[in-house]
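Undergrad:
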């Protein structure tokens, strides 16, 4: 018997708040997303975990890293700058989440090494639609999807 979990993409989420992480996981599941989202903590804890995962065997690497730290403080951009080269060398895309209408923040995140930037919506329907966009990005824009999914 084949497990569906082995076929699901594995996304890791770096987030300051567990409640936000739970909301993202639920929003992806409600959209019948094939992705498994695992919260790996805030910046400090997540950086240690990602370093280990990205340097480890390819089969244990996440398919994508999603960063949702306090973007208004520059924490997301700083985190992405620190892990960006390691993620790129492991062929793991990095997506960032920022506030809606935050064009300046979006540009900073892209310059720091994010492969894509998505908006954090307060409206639940809009937030769920944004989760679909994250999945669509991964499917369309990464070279890992046909191989690993």
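Numbering (the numbering used here), first residue to last: 342 to 490.
Just so it is clear, CB atoms sit at the ideal spot from N, CA and C, and this is done for glycine as well.
1) Would you call the region 413 to 429 and the region 463 to 476 in contact, with 3 or more CB pairs under 8 Å?
2) Can you tell me whether residue 439 is helix, strand or coil according to DSSP?
3) Enumerate in chain order the residues of its own chain whose CB-to-CB distance from residue 380 is below 7 Å, with the five nearest sequence positions on each side excluded.
4) Using a Cβ-Cβ cutoff of less than 7 Å, which residues in the same chain neighbour residue 416 once the five nearest sequence positions on both sides are dropped?
5) Hey, would you say residue 437 sits closer than 8 Å to residue 455, going by beta carbons?
6) Return the CA-CA distance between residue 404 and residue 446, expressed in angstroms with no decimal places.
7) Return the chain-ordered list of same chain residues with a C-beta closer than 7 Å to the C-beta of residue 418, the five sequence neighbours on each side being excluded.
TA: For this structure:
1) no
2) Taking the chain shown and counting its residues from 1, the one referred to as residue 439 is at position 98. Here residue 439 sits in strand by DSSP.
3) Counted from its first residue, the chain shown places residue 380 at position 39. Apart from sequence neighbours up to five positions away, the residues of its chain that approach residue 380 with a beta-carbon distance below 7 Å are 354, 356, 359 and 362, ordered along the chain.
4) Position 75 of the chain shown, counted from the start, is the residue given in the question as residue 416. Counting only Cβ-Cβ distances below 7 Å, and skipping sequence neighbours, we find 384 and 410.
5) As a working note, residue 437 is residue 96 in the chain shown. As a working note, residue 455 is residue 114 in the chain shown. Residue 455 is positioned such that its CB atom lies closer than 8 Å to that of residue 437.
6) By one-based count along the chain shown, residue 404 stands at place 63. By one-based count along the chain shown, residue 446 stands at place 105. Going from the Cα of residue 404 to the Cα of residue 446 covers about 24 Å.
7) In the chain shown, residue 418 corresponds to position 77, counting from 1. Correct list, in chain order: 449, 450 and 453.
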